[in-house]
Amino acid sequence: MASYPFNTISTTTGEKVHLKFIESFREIKSEEDEIIDKLKGDIGVIIRTVSGAEYILSMNSIKMVVGDKVTYNEAFNALAERWSTIHIMR
0 MASYPFNTIS
10 TTTGEKVHLK
20 FIESFREIKS
30 EEDEIIDKLK
40 GDIGVIIRTV
50 SGAEYILSMN
60 SIKMVVGDKV
70 TYNEAFNALA
80 ERWSTIHIMR
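Residue 54 in numbering that gives the first Met the number 0 sits at position 55 of the sequence shown, and the numbers go up by one each step.
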């Protein structure tokens, strides 16, 4: 099983966000964004922080940390598991 080893995450614009400050995750849903993701060969995920700020994550960058051989779903699940572990600990 894949695991995400860090407590922070890097956004597509280079900001580092600690997982404990992430309130929620959601997929990018607009048709235009989905087309761009397909052309880039990547999937974008929007995170919302407790302060209300929203950032985009590249699932390719998550896959590079978790392991290139995992699927996007496995990489996201590894990140979500780490996130939920941190939120349980608070």
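Just so it is clear, CB atoms sit at the ideal spot from N, CA and C, and this is done for glycine as well.
- Inter-residue distance for S60 and A79 is about 15 Å (C-alpha atoms, whole angstroms).
- Following the DSSP letters along the chain, one finds K15 inside the beta strand (DSSP E) bounded by residues K15 to H17.
- A distance of 8 Å or more separates the beta carbons of A1 and A52.
- Remark: C-beta atoms of L56 and I8 approach each other more closely than 8 Å.
- Taking 8 Å as the cut-off, the Cβ atoms of G43 and I21 do not count as close.
- Between L38 and R81, the C-beta spacing is not below 8 Å.
- For the pair Y3 and I45, the Cα-to-Cα distance works out to about 18 Å.
- The DSSP assignment places complete beta strand (DSSP E) segments of no fewer than 3 residues inside the stretch 23-71 at 43-48 and 53-57, in order along the chain.
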